[in-house]
Every structure is written in C-alpha cells, then in structure tokens.
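Heads up: the structure comes next, in structure tokens.
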Amino acid sequence: EVQVVESGGDLVRPGGSLRLSCAVSAFNVSDNYFSWLRQAPGRGLEWVSVIYHGGTTFYADSVEGRFTISRHISNNTVSLQMFSLSPEDSAVYYCARGCTKTNCYYAFDLWGPGTVVTVSS
Amino acid sequence: IQLTQSPSSLSASVGDRVTITCRASQGIGNSLAWYQQKSGRAPKLLIYGASTVQDGVPLRFSGSGSGIDFTLTISSLQPEDFATYYCQHLYSFPPSFGQGTQLEI
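For the record, the sequence lines run as chains W and G.
Number 86 in the working numbering belongs to position 65 of the first sequence; there are no gaps in the numbering.
Number 138 in the working numbering belongs to position 93 of the second sequence; there are no gaps in the numbering.
What follows is the structure, encoded as structure tokens:
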C-alpha cells in the first residue's frame, strides 16, 4: 500500500532534541520530494521543511538553523532532526509527499497520520 | 503570500450547496489547492490548480477562481463532508495556508 507513516514524537523538555522519522511504503524516496508540516493544537497548518529529489533542502524561518531534514535511501525513510526545541514547537508533525502533477507542484498529495511532539517542562 | 478564508466557520445541512472562499494577498494565477481535514486526521488533497479535482475525490467538490479570489463549492453536502477546509497557494516558495473554514452540521 502506498503510504507514509511518521514516528518519533514524544514529550521533550525545552531546549531538548528529537528526531522524527517518516517510513515510506510502496514507492521510492529517491523519486519524490517530501515535506514536513505541523499543526499546533487547535491551529492551522504550517509548512516546516522540504527535501527535493536532488537533496536540496529548505526550511521555514521559524525553524531555520534548528531543524534538519534528510532522506535515507537505504531504508526508504525521511527524517527531521529537531534541536533547541521550545513550547512553540509543540504540534502534530506530518510527513507529506510533494505532488508532481501539472499545476500541482508545492501541493501535498499523500500525508501520514502524524506524530505528536510536546515540548514542556 | 497571505491567504484569507471566509467564513471561518459555517453551519449547513445535508443536501445544502456550500461555498467557501479564499482570497490571496497578491495574484497567484491558478496556483491554489484545497484540502479537507477531519477531526484527528491528516489533511486530504481535494483540488489543485484551482479547479482540478484530485483522483478519487467525489465530483460534488469543485473549485474555481484565478488571480486573487478562489472558491471551493460542495454541490450537495453529505454527512462525511463535515470537516475543516484549508486553501494553500502553490505560486511560490514557501507554501502557506489559509486559516481554515470549519464546516459544521
């Protein structure tokens, strides 16, 4: 089944670190681009980071310098390493595949169920 | 690019025709997508390119508009359509979303 599934969410103290993983099934990480997005409780959607086919990465200003996205072709996963976490980073984190159809670029056509990150003392 | 959705919430009944609007802070051509998010679930892509319905999405969902103003229309509401709907621009990097429209019974 074509799907992505996130893992690694946890309760972490302010200033702490966490690594999220996105397991990709039935298609190749190397042939697609992926983003991480997040949604704070009761809030809207926020794009966080993207990794493109060639490995190029970009980040939202709010996480630049603290988060690192990477892909692992050997085990067909995408990860998000997060450092210096603050309560404002608390959210459900989603891994999503970027759409490649005409007029669809920058949209997200396959989402995982999400993993919860809570930053609190 | 800022996206403003209206209304923020909407009450409707099964069988109703419903329209949600999304206004962009600058012209974005037809570079807009719509998502549906049910409570506790991930968003689902409904429409891209302002009016192209994603594979598997019921045809009661339609999108229109270009430039600044866009609409999502549900022609005849079904019980499973009660959810929150988000627009997202596809015009440039970084992508951003509207604040959402909660569709309630």
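Backbone N, C-alpha and C fix where the C-beta goes; we use that ideal spot for every residue, glycine too.
Considering only the beta carbon of each residue, do residue i and residue j sit closer than 8 Å?
i	j	result
W/G133	G/A87	yes
W/V140	W/V33	yes
G/G127	G/A95	Sequence check: residue 127 of chain G is Phe here, not Gly. Cβ atoms of G/F127 and G/A95: not closer than 8 Å.
W/S105	W/A61	no
G/I92	G/L122	no
W/R118	W/V25	yes
Is the shortest distance between the beta-carbon of residue i and the beta-carbons of chain W less than 8 Å?
i	result
G/S54	no
G/A78	yes
G/P124	no
G/T97	yes
G/L90	yes
G/L135	yes
G/S141	yes
Distance cutoff 8 Å, beta carbons only. Does residue i sit that close to anything in chain G?
i	result
W/D130	yes
W/N53	no
W/A44	no
W/F88	no
W/P108	no
W/G76	no
W/A47	no
For residue i and residue j, I'd like the C-alpha separation in whole angstroms.
i	j	result
W/M103	W/R87	6 Å
G/I66	W/S95	The question names Ile, but residue 66 of chain G is Thr in the sequence shown. C-alpha separation (whole angstroms): 44 Å.
W/I90	W/L58	12 Å
W/D130	G/L55	26 Å
G/Q144	W/N53	28 Å
W/V138	W/G63	14 Å
Quiz item: Is it true that the segment 34 to 46 of chain W meets the segment 89 to 99 of chain W, where meeting means three or more beta-carbon pairs spaced less than 8 Å apart?
Solution: yes
**Message:** Ignoring anything shorter than 4 residues, give me the alpha helix (DSSP H) runs that lie fully in the segment 59 to 143 of chain G, in order along the chain.
**Reply:** none
Write down every uninterrupted run of the beta strand (DSSP E) in the segment 56 to 130 of chain W whose length is 3 residues or greater and which is fully enclosed by it, in chain order. 66 to 72, 78 to 80, 88 to 93, 98 to 103, 112 to 119
request  = Tell me, please, whether the segment 106 to 119 of chain G touches the segment 74 to 83 of chain W by the rule of three or more beta-carbon pairs shorter than 8 Å.
outcome  = no
ask   = How about the segment 126 to 143 of chain G and the segment 68 to 77 of chain G: do they share at least three Cβ pairs that are nearer than 8 Å?
value = yes
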